[in-house]
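Residues 13 to 97 in the working numbering are what the sequence shown lists, from first letter to last. As structure tokens, the structure follows; a few thoughts come after it.
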Amino acid sequence: MFLHLGQETVITTESIVAMFDIDACTVSKKTRDFLANAEKKGEVVNVSYELPKSFVVCEKQGKTVVYITQLSTKTLLLRLEKINF
Numbered sequence: 013m014f015l016h017l018g019q020e021t022v023i024t025t026e027s028i029v030a031m032f033d034i035d036a037c038t039v040s041k042k043t044r045d046f047l048a049n050a051e052k053k054g055e056v057v058n059v060s061y062e063l064p065k066s067f068v069v070c071e072k073q074g075k076t077v078v079y080i081t082q083l084s085t086k087t088l089l090l091r092l093e094k095i096n097f
């Protein structure tokens with residue numbers, strides 16, 4: 013199945029490793045370091061022109077991709093629930 017992350021970005025649900033709330037997670041230095049390293053490696057895809065609310069970590073063909081989106085984790089989970097019905 014597919015999950016729409018915003019703008020024109022759609023991912024497969026099978027590729028999702030984790031979803032995180034930006035405000036809750038970026039308090040941790042480890043999370044900030046993870047995002048900074050992913051940015052340096054070119055693994056970050058920003059799909060938001062607005063204030064980001066969450067990020068989704070995916071594994072695609074053995075590579076990590078981090079999508080930053082304006083959608084909340086709650087909205088993303090609701091979309092996943094609709095897909096699974």
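Cβ coordinates follow ideal geometry from the N, Cα and C atoms, glycine included.
Membership of N58 in the beta strand (DSSP E) is indicated by the continuous run V56 to N58. According to DSSP, K86 shares a beta bridge with no other residue. Between the stretch 35-54 and the stretch 14-22 there are fewer than three C-beta pairs closer than 8 Å, too few to call the two in contact. As DSSP reads the structure, V69 sits in a beta bridge with A30 and V78. Taking 8 Å as the cut-off, the beta carbon of S84 is found no closer than this to the beta carbon of S60.
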